[in-house]
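Each residue of the sequence shown is one higher than the one before, counting from 284 in our numbering.
Where a beta carbon is used, it is the ideal one built from N, C-alpha and C, also for glycine.
Just so you know, these numbers come straight off a predicted model, no measurement behind them.
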Amino acid sequence: MKAKYSIVVPVYNEEEAIPLFYEAVIPVMDKLKEPYEIIFVNDGSKDTTLEVLRGLAEKDKRIKYLSFSRNFGQQAAIYCGFEHATGDAVIDIDVDLQDPVEAIPLMIEKWKEGYEVVHGKRTTRKGETFLKKFTSSLYLKFLKTISGLKIPKNVGEFKLFDRKVIDVINSIPDKDKYLRGITAWVGFKQTEVEFVRNERTVGKTAYSFKKLLKLAWSGVISMSTWPMTLAMKVGMWGGFLSLAAFITFTVLVCCGIALPLLVWIFPTITICFSISFILTGLNNIYMTRTYVASQGRPRYIVSEKKNFED
Ligand code: UDP
Ligand code: MG
């Protein structure tokens with residue numbers, strides 16, 4: 284029996300990139316001689332992205348699109364695509380051709396060998412600054428340490444998932460799923476396909492430093508409870524040090540060495556204050572997450588969709 288593939292493509296202000304992506308991906312998918320759908324998720328673009336998608340969906344029924352009522356972020360767009368995908372294998376790819384479409388058949392080959400998750404692994408990352416590569420590798424090490432998960436290196440959102448895995452990911456109700464972390468967390472049989480990451484040729488990255496920081500933070504908070512244990516550790520170490528200072532001080536006084544009391548009291552009080560602030564702050568982070576989850580707001584809102592009739 285022939286398999287069906289779903290290509291999920293989040294797009295934000297990509298009016299120029301979409302036609303180029305379409306021209307590139309269609310011949311690659313046609314060559315497979317198996318059914319497929321391409322699901323674009325318009326993440327609240329401000330340019331003519333939606334008009335471009337309407338045009339494509341009109342002339343080609345394999346092109347489906349969903350359009351958000353505003354910008355909810357790439358991760359939300361990906362999960363929306365996953366929830367609407369009907370393929371036996373689902374491939375998530377960026378529209379800017381930085382992830383080469385030619386790698387898709389290689390991923391499918393691995394899937395046919397029995398792998399349930401196939402990561403696109405970048406051997407070279409053209410056009411990325413040393414600082415970006417260095418900070419992202421440092422971040423990954425940190426995230427792996429605190430979460431205890433085997434998150435592969437040089438791997439982004441370009442991945443293939445088996446239907447089984449997509450169903451599991453879709454069933455996770457967490458509002459702030461971090462795809463790289465969740466993929467490691469779900470397990471299954473995973474492998475990698477290597478590719479060279481190209482430079483963007485049209486448009487520009489939508490990832491400002493602020494957006495990247497937000498994503499990195501979401502990874503830490505959603506994939507680990509380490510900050511919570513950190514609060515406990517800071518509290519215990521703070522308490523231990525204060526106690527040690529107090530004992531040392533008492534011993535010194537007992538030995539007849541006169542020390543000005545205020546010199547010790549002042550830092551002790553400030554340490555206690557900072558500990559209490561840190562603990563409260565960290566607890567608030569988790570409480571906020573619980574609060575947001577309890578509000579039950581959807582992760583995204585679709586305002587328009589096309590070609591999903593079947
Ligand atoms: N994207 C999105 N919503 C956003 C930001 C980006 O859907 O808020 C899409 C974007 O159109 C592209 C993919 O996510 O298809 C990756 O974005 P980008 O190329 O800007 O990221 P970079 O490659 O610089 O990490
Ligand atoms: Mg890009």
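For residue j and residue i, the rounded distance between their alpha carbons
i: K409; j: D382; result: 11 Å
i: I455; j: V536; result: 59 Å
i: S420; j: F355; result: 26 Å
i: N481; j: E411; result: 10 Å
i: K404; j: W547; result: 54 Å
i: V469; j: T369; result: 20 Å
i: V324; j: K516; result: 43 Å
i: R463; j: A359; result: 13 Å
i: V479; j: F556; result: 51 Å
i: T401; j: F471; result: Looking at the sequence provided, one finds Val at residue 401 rather than Thr. Between V401 and F471, the C-alpha separation is close to 10 Å.
i: I540; j: I561; result: 34 Å
i: K427; j: G579; result: 30 Å
i: L495; j: G397; result: 34 Å
i: A467; j: A386; result: 21 Å
i: K424; j: G439; result: 15 Å
i: T407; j: P388; result: 20 Å
i: L414; j: G338; result: 39 Å
i: T418; j: S491; result: 15 Å
i: E341; j: K493; result: 36 Å
Residue i CB to nearest heavy atom of the ligand UDP below 7 Å
i: V534; result: no
i: A489; result: yes
i: G356; result: yes
i: D343; result: no
i: V485; result: no
i: P293; result: yes
i: A360; result: yes
i: D459; result: no
i: E396; result: no
i: E297; result: yes
i: D330; result: no
i: D450; result: no
i: D326; result: yes
Nearest-angstrom Cβ-Cβ length linking residue i and residue j, presumed shorter than 8 Å
i: D326; j: P293; result: 6 Å
i: R345; j: Y305; result: Actually they are not in contact, since the Cβ atoms of R345 and Y305 sit about 10 Å apart, beyond 8 Å.
i: I568; j: I504; result: 6 Å
i: K347; j: I309; result: Rounded, the Cβ-Cβ distance is 14 Å, inconsistent with contact.
i: I290; j: I374; result: 5 Å
i: I552; j: G521; result: Between G521 and I552 the Cβ distance is about 12 Å, and since that is not below 8 Å, they are no contact.
i: F532; j: L545; result: Not confirmed; about 12 Å, so no contact.
i: D343; j: K287; result: In fact, because the Cβ distance is near 16 Å, the residues do not count as touching under 8 Å.
i: A576; j: K436; result: In fact, because the Cβ distance is near 31 Å, the residues do not count as touching under 8 Å.
Own chain residues within Cβ distance below 6 Å of residue i, not counting five before or after
i: T484; result: none
i: A300; result: V378, D379, V485 and G486
i: Q357; result: P293
i: F591; result: K347
i: Y583; result: F351, F355, A359 and C363
i: S507; result: I429 and S430
i: K285; result: E317
i: F441; result: I376, D382 and G403
Residue i: CB within 7 Å of a non-hydrogen atom of the ligand MG
i: D377; result: yes
Contact test: residue i Cβ vs the ligand GTP heavy atom, cutoff 7 Å
i: Q381; result: In the structure on display, the ligand GTP does not appear, and the ligands it does have are the ligand UDP and the ligand MG.
Other residues of its chain near residue i: CB distance less than 7 Å, five sequence neighbours each side excluded
i: E298; result: D330, T331, T332 and V335
i: F365; result: V291, V373, I449, I452 and N453
i: Y422; result: A499
i: G518; result: I558 and L562
i: L432; result: G464, A467, W468 and M506
i: H367; result: I322, L349 and F591
i: A307; result: L380 and V384
i: C538; result: none
Nonlocal neighbours in the same chain, by C-beta distance under 8 Å from residue i, ignoring five residues either side
i: E399; result: F444, D445, K447, V448, F471, K472 and Q473
i: Y295; result: N325, D326, G327, S328, T332, N354, Q357, A360 and A489
i: I554; result: G521, L524 and S525
i: K460; result: Q358, Y362, I452 and S505
i: K416; result: R408
Using a Cβ distance threshold of 8 Å, determine whether the stretch 336 to 356 contacts the stretch 577 to 590, with at least three qualifying pairs required. yes
Three CB pairs or more closer than 8 Å across the stretch 516 to 528 and the stretch 570 to 577: no
Should the stretch 378 to 394 be regarded as contacting the stretch 461 to 478, the criterion being three or more beta carbon pairs within less than 8 Å? yes
The stretch 304 to 315 in contact with the stretch 496 to 507 per 3-pair CB rule at 8 Å: no
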